[in-house]
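Presented below is the structure to which this report refers.
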Amino acid sequence: MRVAVLSLSSCTGCQYVLLSLEEYFYTLIGENAVSYAPFLLDQKELPEVDLLLLEGTVRNGDDFRRLREARQRAEKLVALGTCACFGGVPGLADMVSEERMLRMRYGEGATFEQAPPGVKRLLPVDAYVSVDAFLPGCPPGEELLKDFLKLALSGNLPSRMGATVCSECKVTASPPSRDGFRRLLSAVPEDGKCLLEQGFICMGPLTRDGCGALCPSSFGVPCGGCRGPCDEVLLPPFQDPCLETLRRLARATGLSPKAVGEQAKDPAHSFFKYCLAEPLLRRRRPGGTARFLYRLGE
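Here it is, written out as structure tokens:
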């Protein structure tokens with residue numbers, strides 16, 4: 354199978370996960386024709402391929418040109434990582450103007466005359482082209498990526514939808530607390546107990562499974578939502594991420610939806626920092642775009 358890996362504007366974290374597969378990745382290269390991967394090969398032009406793994410987001414016209422070219426030359430295109438699937442952390446840039454964003458990043462004395470013009474709004478890649486499968490994660494875990502590649506390279510893209518991080522979490526649920534939200538800097542979580550029900554903002558009830566609930570189960574850290582929204586948020590009858598987030602967090606904490614909204618000091622970063630670029634969570638899609646996202650074990 355002819356395989357390619359293409360990166361748009363990104364932190365390249367998804368590429369590092371590919372390299373961290375080590376022996377499996379080297380076997381993959383040996384058994385398949387890896388035709389294009391700038392972090393491995395000195396290949397200038399993207400050839401026609403059977404499977405293309407695409408990471409990153411469209412930040413400027415050059416990204417858009419490369420994305421369109423990738424769609425034309427790939428039989429199957431996979432959105433790899435949360436940036437490609439939902440816009441990821443770069444989507445937070447939609448909250449400010451391009452000029453302000455650049456000044457915040459590079460300082461008041463920087464000049465940008467030679468910089469390529471940026472997009473007016475950052476969007477997931479399936480807002481521009483059709484996508485055959487999604488593998489979210491910031492970045493996707495090694496086992497998740499390996500399991501996905503085994504299926505994809507056999508010609509079988511997965512087609513099941515996922516549950517939530519809570520379905521994989523190993524901590525014990527208890528009656529909800531009505532004390533309001535707490536932050537990790539102000540309190541220490543109790544081991545083995547649900548973080549959300551202790552009052553910590555945990556996005557487990559709204560986030561897609563597939564990570565093994567590693568953060569809350571193994572490290573006592575609330576889920577930040579890096580796998581993106583679960584199906585019940587993405588699909589009818591919900592499709593209202595703000596309201597559904599408030600409802601689910603209200604049920605888990607015993608607070609009212611209004612109180613949840615009032616106590617969250619920074620809703621954009623607390624609830625939607627990985628998917629703020631998603632336009633009303635997939636209400637508008639090009640024809641042919643897949644409606645499924647991959648989870649481990651399918």
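Just so we're on the same page, the working numbering is the position in the sequence shown counted from 1, plus 353.
Note that the Cβ used here is the ideal one computed from N, Cα and C, for glycine as well.
Note that the structure is a prediction, hence the values are computed from the model and not measured.
Extent of the continuous beta strand (DSSP E) run through Leu430
427-433
Determine the extent of the beta strand (DSSP E) in which Asp403 is found, giving its start and end residues.
402-408
Where Lys626 falls: helix, strand or coil (DSSP):
coil
**Message:** Just to confirm before moving on: does the CB-CB distance between Thr598 and Gly581 stay below 8 Å?
**Reply:** no
ask   = Can we say the stretch 615-622 touches the stretch 564-573, given the rule of at least three CB pairs closer than 8 Å?
value = no
On the DSSP bridge list, what partners appear for Ala357?
Tyr389, Leu405
**Message:** Between the alpha carbons of Gly578 and Gly565, how many angstroms are there, rounded?
**Reply:** 13 Å
Handout entry: Three-state secondary structure assigned by DSSP to Leu488
Key = Here Leu488 sits in strand by DSSP.
Expressed to the nearest angstrom, what Euclidean distance is found between the alpha-carbon atoms of Ala603 and Glu550?
10 Å
Review point. Going by Cα to Cα distance, which pick from Met454, Leu407, Leu381, Val472 is closest to Arg424?
Key: Leu407
Residues bridged to Gly471 (per DSSP):
DSSP links Gly471 through a beta bridge to Asn413.
State the CB to CB distance for the pair Leu455 and Val431, rounded to an integer number of angstroms; the pair is presumed to be in contact (CB under 8 Å). Actually they are not in contact, since the Cβ atoms of Leu455 and Val431 sit about 31 Å apart, beyond 8 Å.
key: Residue from Lys626, Val472, Cys436 with nearest C-alpha to Arg412   = Val472
Counted within 10 angstroms of its Cβ, other Cβ atoms place Gln467 as buried (16 or more) or exposed: exposed
- Would you mind giving the Cβ-Cβ distance between Leu629 and Asp447, rounded to the nearest angstrom? I have them listed as a contact below 8 Å. 6 Å
### Message
Using a 10 Å radius around the Cβ and a threshold of 16 neighbouring Cβ atoms, would you call Tyr459 buried or exposed?
### Response
exposed
| said: Considering just the uninterrupted stretch of the alpha helix (DSSP H) at Glu521, what are its terminal residues? | reply: Premise fails: Glu521 is in no alpha helix (DSSP H) and is neither H nor E.
Buried versus exposed call for Arg474 [16 or more other C-beta atoms within 10 Å across all chains shown]: With fewer than 16 neighbouring CB atoms inside 10 Å of its own CB, Arg474 falls in the exposed class.
Exercise. What whole-angstrom Cβ distance do Asp562 and Glu496 have, given they're in contact under 8 Å?
Worked result: That pair is no contact at about 13 Å.
Please state the DSSP three-state secondary structure of Thr380. helix
**Asked** Quick one: what's got a C-beta closer than 8 Å to Gly650's C-beta in the same chain, skipping five residues either side?
**Response** Residue placement at Gly650 is poorly supported in this model, since its pLDDT is 39, which falls under 50; the coordinates are not used for a value here.
For this session: Work out the CA separation of Cys547 and Leu346 for me, nearest whole Å.
Result: Given a span of 354 to 651 for the chain in the structure shown, any question on residue 346 remains unanswerable.
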